[in-house]
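Residue numbers (full-length UniProt numbering): 1 to 140.
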Amino acid sequence: MQCTNLFVYGSLLEGFFNYEKTLVGKVITCVPAKVRGNLFHQSKKGYPALVAGEDWVYGELLALSHIEENLPLLDQVENYYGEGQANEYDRILKKVFVPSQNCYIEAYVYWYGLDDLGKENNPVIYLADGNWRSFMLTRQ
1 MQCTNLFVYG SLLEGFFNYE KTLVGKVITC VPAKVRGNLF HQSKKGYPAL
51 VAGEDWVYGE LLALSHIEEN LPLLDQVENY YGEGQANEYD RILKKVFVPS
101 QNCYIEAYVY WYGLDDLGKE NNPVIYLADG NWRSFMLTRQ
């Protein structure tokens, strides 16, 4: 059985640009959630990168209708071309913690796959609080 959950932490959050392009009308439920990792804002690109780490990264756990029909568009937005490819983001299954239910739920997560974070062509800001939404709201 295919996973129907997606954890989002950046431009796919409700109210942000890629949510409007890809997820409107497709979300069955949306609850606050968090996953272990480190979060960076990519200054030139204008969106975040989630990589391995021990911080909590905050976002939303979405249950999607017809996920198998929606994954190709999500993959396109996230520049995911398949396992073993030169993906900007890799789509992986992770255990995501849902505080309201006090449990972990498996979900797809788009994990940053390139090795250019913090390099000259991709300056970053480390988000120690793991919350891209609050970072973006303070920039407005």
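Heads up, the beta-carbon is just placed ideally off N, CA and C, and yes, glycines get one too.
Since the model is a prediction, treat every value here as computed from it, not as a measurement.
Checklist entry - Straight-line CA distance for Glu-106 to Ser-11? => result 21 Å
Next on the checklist: Contact defined as beta carbons within less than 8 Å: I believe Cys-3 pairs with Leu-93. What is the distance between those atoms, to the nearest angstrom?
Outcome noted: 6 Å
Checklist entry - Out of curiosity, what's the CA-to-CA distance linking Cys-103 and Lys-44? => result 36 Å
Next on the checklist: Within 8 Å, do at least three Cβ pairs link the stretch 57-65 to the stretch 26-39?
Outcome noted: yes
Checklist entry - According to DSSP, which residues form a beta bridge with Asp-115? => result In DSSP, Asp-115 forms no bridge with anything.
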